[in-house]
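Peer 1: Handing you a structure now.
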Amino acid sequence: MTSSVVNGGISFWYADDGLPAVREPLPGDATADVVIVGGGYTGLWTAYYLKKAAPFLRITVLEQKFCGYGASGRNGGWLYNGVAGRDRYAKLYGHEAAVRLQKAMNETVAEVVRVADDEGIDADIVRGGVLEVARTPAQLARLRAFHEHELSYGETDRELYGARETAERIRVADAVGSAWTPHGARLHPVKLVKGLAAAVEKLGVTIFESTPVTEVRAGRAVTPYGTVRASYVLRCTEGFTASLKGQRRTWLPMNSSMVATEPLSEEQWAAIGWEGRETLGDMAHAYMYAQRTADGRIALGGRGVPYRFGSRTDNDGRTQPETVEALRDILVDFFPALAGVRITHAWSGVLGVPRDWCASVTLDRATGLGWAGGYVGSGVATSHLAGRTLCDLVQLDSGQGRATELTELPWVGHKVRKWEPEPLRWLGVHGMYATYRSADRRERVSHSAAPSRLARLADRVAGRH
Ligand SMILES: Cc1cc2nc3c(=O)[nH]c(=O)nc-3n(C[C@H](O)[C@H](O)[C@H](O)COP(=O)(O)OP(=O)(O)OC[C@H]3O[C@@H](n4cnc5c(N)ncnc54)[C@H](O)[C@@H]3O)c2cc1C
Numbered sequence: 205m206t207s208s209v210v211n212g213g214i215s216f217w218y219a220d221d222g223l224p225a226v227r228e229p230l231p232g233d234a235t236a237d238v239v240i241v242g243g244g245y246t247g248l249w250t251a252y253y254l255k256k257a258a259p260f261l262r263i264t265v266l267e268q269k270f271c272g273y274g275a276s277g278r279n280g281g282w283l284y285n286g287v288a289g290r291d292r293y294a295k296l297y298g299h300e301a302a303v304r305l306q307k308a309m310n311e312t313v314a315e316v317v318r319v320a321d322d323e324g325i326d327a328d329i330v331r332g333g334v335l336e337v338a339r340t341p342a343q344l345a346r347l348r349a350f351h352e353h354e355l356s357y358g359e360t361d362r363e364l365y366g367a368r369e370t371a372e373r374i375r376v377a378d379a380v381g382s383a384w385t386p387h388g389a390r391l392h393p394v395k396l397v398k399g400l401a402a403a404v405e406k407l408g409v410t411i412f413e414s415t416p417v418t419e420v421r422a423g424r425a426v427t428p429y430g431t432v433r434a435s436y437v438l439r440c441t442e443g444f445t446a447s448l449k450g451q452r453r454t455w456l457p458m459n460s461s462m463v464a465t466e467p468l469s470e471e472q473w474a475a476i477g478w479e480g481r482e483t484l485g486d487m488a489h490a491y492m493y494a495q496r497t498a499d500g501r502i503a504l505g506g507r508g509v510p511y512r513f514g515s516r517t518d519n520d521g522r523t524q525p526e527t528v529e530a531l532r533d534i535l536v537d538f539f540p541a542l543a544g545v546r547i548t549h550a551w552s553g554v555l556g557v558p559r560d561w562c563a564s565v566t567l568d569r570a571t572g573l574g575w576a577g578g579y580v581g582s583g584v585a586t587s588h589l590a591g592r593t594l595c596d597l598v599q600l601d602s603g604q605g606r607a608t609e610l611t612e613l614p615w616v617g618h619k620v621r622k623w624e625p626e627p628l629r630w631l632g633v634h635g636m637y638a639t640y641r642s643a644d645r646r647e648r649v650s651h652s653a654a655p656s657r658l659a660r661l662a663d664r665v666a667g668r669h
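Residues in the sequence shown are numbered from 205 upward in steps of one, following our numbering.
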């Protein structure tokens, strides 16, 4: 069944839009004012805002393969306002601080759309919001609680739908309700990252590709081709961070896998609806996420094999055949009319997961070392807010700027302990996801509205609550 699937090749988005021509590597030792390690959304947005704010700065981006090689070229294209760790930040720094973070995220969604427009980046963006469906009584109870919770962070423009209103938007089998927020858009991840890299280069930032950084130290980024010295060295390597010297246990590389169907027929779309192009998710513990693509496919993702022993990352996006089958099963379970549909592409990528599951942005003023990430599964918009924040932190530190609303957000300078050494790391993460899957199965057969105790236990073990 999976033999005709193109598995890997980075992602469907590259199959659709073409792999880029790779830029030249670093020719030898060099100097800059700011060196950015990693050419994903975080590194590129940081470069973009810094160069705009201070055009005289010499900024160099060092990318191990090509810009967009990582999660930024492989994601589900949900540009939305979720930020990992908000609830924890509320506990640590107070509710008001977390409300400010949430407000900044809501504005970020609009800001990405605006900048893409200004820069002439056509990334197939449709602002249809985010629709999250519940399909069991326990999921519905969770959905209602989730909706109330989001309202308490000032997101008053969101809505809760019953089964009928949900079906008017998207006909998901067994859907008993859904929640919708306007703070979301569907996009083509690769078109965004390619357009952004070109915009950054046009501003005068130097990008070297095929240039792996082996070590990041105060004042320098070391590569096999030479060392770049700079006052500020910013690490924007997300799920790949563990491969840098001294960073093995900083952020755990968590895999997420996706599949894309062949383009659906008009009859199939008529059966499903989805006219609003909302990004679609569910309330299962081992959740799924999906979008209706510009060329009429469904791209759908979920966890697959979440973590590889020793923090290893994938090979150019290949995923396991079992994962492809598992994602196909979810697709058909959601949309029975698609029972015979062909899966044409499958791929995977890595997310960065901090030990406390909180995204953060830091600039160490003593060393000039900075980093941003740990977004878990919500980095498309968060990386933009992080990039703008790193820009403001550099400006503040160098005396070119003042403290801003962004430099005062509660995720700035957040410290987190490292992950456990192996085999504890592997055992912990696998145990947690096995528990989530089992909790979902129980909720489906029990028809009880009570959330699974197992899942709450897994949350506690994971350090998420
Ligand atoms: C399958 C999948 C689906 C996802 N779906 C969504 C979604 O729908 N919505 C959402 O909000 N988030 C989603 N995410 C998460 C989101 O894509 C990421 O959080 C975001 O792209 C992170 O951007 P980044 O620039 O920090 O990291 P990356 O895009 O991973 O970029 C890091 C870059 O650094 C480079 N690099 C790494 N190490 C080195 C080194 N040593 N030297 C030089 N360069 C290096 C890499 O090659 C890479 O290009 C998804 C992630 C995956 C994997």
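For each residue, glycine too, the CB sits at the ideal point set by N, CA and C.
Predicted, not measured: the structure shown is a model, and the values here were computed from it.
When the Cβ atoms of the region 214-230 are set against those of the region 530-539, are three or more pairs found closer than 8 Å?
Peer 2: Counting Cβ pairs under 8 Å, fewer than three are found: no touch.
Peer 1: DSSP puts residue 412 in a beta bridge; with which residues?
Peer 2: Numbered from its first residue, the sequence shown carries residue 412 at position 208. In DSSP, residue 412 forms a bridge with 266.
Peer 1: Indicate the three-state DSSP secondary structure (helix, strand or coil) for residue 579 in the structure shown.
Peer 2: Along the sequence shown, read from residue 1 onward, the residue named residue 579 stands at position 375. Of the three classes helix, strand and coil, the one that applies to residue 579 here is coil, per DSSP.
Peer 1: Going along the chain, which residues of its own chain have a beta-carbon closer than 6 Å to the beta-carbon of residue 366, five neighbours each way excluded?
Peer 2: On the sequence shown, position 162 is the one that residue 366 refers to. Taken in chain order, the residues that qualify are 381.
Peer 1: So, is residue 393 buried or exposed, given that buried needs 16 or more other C-beta atoms within 10 angstroms?
Peer 2: Your numbering for residue 393 matches position 189 in the sequence shown. Residue 393 is buried by the Cβ-count criterion.
Peer 1: Taking DSSP as the reference, what is the three-state secondary structure of residue 392?
Peer 2: As a first step, residue 392 must be located in the sequence shown, where it is residue number 188. Residue 392 falls in the coil class under three-state DSSP.
Peer 1: Would you say the beta carbon of residue 673 comes nearer than 7 Å to a heavy atom of ligand 1?
Peer 2: Examination of residue 673 is not possible in this model, given that the chain is present from 205 through 669 alone.
Peer 1: To which residues of the same chain is residue 668 closer than 7 Å at the C-beta, ignoring the five residues directly before and after it?
Peer 2: Numbered from 1 along the sequence shown, position 464 holds the residue referred to as residue 668. At residue 668, the pLDDT of 49 sits below 50, so the modelled position is not reliable and the matter cannot be decided from this model.
Peer 1: Using the three-state DSSP reduction, which class does residue 210 fall into: helix, strand or coil?
Peer 2: For the purposes of this step, residue 210 is taken as the residue at position 6 of the sequence shown. Strand, per DSSP.
Peer 1: Jot down the residue ranges of each uninterrupted alpha helix (DSSP H) in the region 463-513, minimum 4 residues, whole runs only, in chain order.
Peer 2: Taking only runs of at least 4 residues, the alpha helix (DSSP H) segments lying wholly in the region 463-513 are 470-476.
Peer 1: Ligand 1 and residue 357: does any heavy atom of the ligand fall closer than 7 Å to the residue's C-beta?
Peer 2: Taking the first residue of the sequence shown as 1, we reach residue 357 at position 153. False, no ligand heavy atom lies under 7 Å from that Cβ.
Peer 1: Is there at least one non-hydrogen atom of ligand 1 closer than 7 Å to the beta-carbon of residue 282?
Peer 2: Position 78 of the sequence shown holds residue 282. Answer for residue 282: yes, Cβ within range of ligand 1.
Peer 1: Identify every run of the alpha helix (DSSP H) within the region 247-305, keeping only runs that are complete inside it and at least 4 residues long; order them along the chain.
Peer 2: Correct list: 290-297.
Peer 1: Taking the beta carbon of residue 604 as the centre, do at least 16 other beta carbons fall within 10 Å, making it buried, or is it exposed?
Peer 2: Taking the first residue of the sequence shown as 1, we reach residue 604 at position 400. Residue 604 should be labelled exposed.
Peer 1: Would you decide whether residue 226 is buried or exposed? Buried here means 16 or more other CB atoms lie within 10 Å of its CB.
Peer 2: Counted from its first residue, the sequence shown places residue 226 at position 22. The residue is exposed, with fewer than 16 neighbouring Cβ atoms inside 10 Å.
Peer 1: Starting from residue 549, trace the beta strand (DSSP E) in both directions and tell me its first and last residue.
Peer 2: The residue you call residue 549 lines up with position 345 of the sequence shown. Counting along the chain, the beta strand (DSSP E) containing residue 549 begins and ends at 547-557.
Peer 1: If you draw a straight line from the alpha carbon of residue 461 to that of residue 277, how long is it in whole angstroms?
Peer 2: Counting from one through the sequence shown, the residue named residue 461 turns up at place 257. Counting from one through the sequence shown, the residue named residue 277 turns up at place 73. Distance between the alpha carbons of residue 461 and residue 277 is about 13 Å.
Peer 1: Quick one: what's residue 384 bridged to in DSSP?
Peer 2: Position 180 of the sequence shown holds residue 384. Answer is 335, 363, bridged to residue 384.
Peer 1: What does a CB cutoff of less than 8 Å around residue 260 pick up in its chain, not counting 5 residues either side in sequence?
Peer 2: For the purposes of this step, residue 260 is taken as the residue at position 56 of the sequence shown. Hits under 8 Å: none found.
Peer 1: How many Å lie between residue 400 and residue 325 at the Cα?
Peer 2: Position 196 of the sequence shown, counting from 1, holds the residue named residue 400. Position 121 of the sequence shown, counting from 1, holds the residue named residue 325. Rounded to whole angstroms, residue 400 to residue 325 spans 7 Å at the Cα level.
Peer 1: Check whether the Cβ of residue 585 lies closer than 7 Å to any heavy atom of ligand 1, and answer yes or no.
Peer 2: Taking the sequence shown and counting its residues from 1, the one referred to as residue 585 is at position 381. Yes, Cβ of residue 585 sits closer than 7 Å to a heavy atom of ligand 1.
Peer 1: Assuming residue 269 contacts residue 414 (C-beta within less than 8 Å), just tell me the rounded distance between them.
Peer 2: To locate residue 269, count along the sequence shown from 1; it is residue 65. To locate residue 414, count along the sequence shown from 1; it is residue 210. Indeed they touch by this definition, with Cβ atoms about 7 Å apart.
Peer 1: Pull up the DSSP beta-bridge partners for residue 457, would you.
Peer 2: Taking the first residue of the sequence shown as 1, we reach residue 457 at position 253. In DSSP, residue 457 forms a bridge with 556.
Peer 1: If residue 523 and residue 551 are in contact, beta carbons under 8 Å, what's the gap, nearest whole angstrom?
Peer 2: Taking the sequence shown and counting its residues from 1, one reaches residue 523 at position 319. Taking the sequence shown and counting its residues from 1, one reaches residue 551 at position 347. At roughly 6 Å, the Cβ-Cβ gap stays under 8 Å, so residue 523 and residue 551 are in contact.
Peer 1: Whole angstroms are fine: how far does the CA of residue 235 sit from the CA of residue 255?
Peer 2: Looking up residue 255 in the sequence shown gives position 51. Looking up residue 235 in the sequence shown gives position 31. C-alpha separation (whole angstroms): 16 Å.
Peer 1: What does DSSP give as the partner residue(s) for residue 568 in the beta ladder?
Peer 2: For the purposes of this step, residue 568 is identified with residue 364 of the sequence shown, where counting begins at 1. DSSP lists 573 as partners of residue 568.
Peer 1: What's the gap between the Cα of residue 389 and the Cα of residue 283?
Peer 2: Stepping through the sequence shown from its first residue, residue 389 is reached at position 185. Stepping through the sequence shown from its first residue, residue 283 is reached at position 79. C-alpha separation (whole angstroms): 5 Å.
Peer 1: Using beta carbons (cut-off 8 Å, strictly below), is residue 494 in contact with chain B?
Peer 2: The question asks about chain B, but that chain is absent: this structure has only one protein chain.
Peer 1: Are the region 575-584 and the region 432-448 touching, with three or more C-beta to C-beta distances below 8 Å?
Peer 2: Touching, yes.
Peer 1: Look up residue 714 in the DSSP assignment and say whether it is helix, strand or coil.
Peer 2: Look at the range of the chain in this structure, 205 to 669, and you will see that residue 714 is not part of it.
Peer 1: On a CA-only basis, which of 581, 308, 423 is nearest residue 357? Give me that one, please.
Peer 2: As a working note, residue 357 is residue 153 in the sequence shown. The shortest Cα separation from residue 357 among 581, 308, 423 belongs to 308.
Peer 1: For ligand 2, I want to know if residue 442 counts as a neighbour, meaning its beta carbon is within less than 7 Å of at least one of the ligand's heavy atoms.
Peer 2: In the structure shown, ligand 2 is absent; the only ligands present are ligand 1.
Peer 1: Per DSSP, what kind of secondary structure is residue 419 in: helix, strand or coil?
Peer 2: In the sequence shown, the residue the question calls residue 419 occupies position 215. It is a strand residue.
Peer 1: Let me check understanding here. Comparing Cα to Cα, which of 343, 544, 257 lies closest to residue 407?
Peer 2: In the sequence shown, counting from the first residue as 1, residue 407 sits at position 203. Per the Cα distances, 257.
Peer 1: The alpha helix (DSSP H) that contains residue 218, what's its start and end?
Peer 2: To locate residue 218, count along the sequence shown from 1; it is residue 14. Looking at the DSSP string, the run of the alpha helix (DSSP H) that includes residue 218 is 216-221.
Peer 1: Can residue 216 and residue 494 be called in contact, C-beta distance under 8 Å?
Peer 2: Within the sequence shown, numbered from 1, the residue matching residue 216 stands at position 12. Within the sequence shown, numbered from 1, the residue matching residue 494 stands at position 290. No. Outside cutoff.
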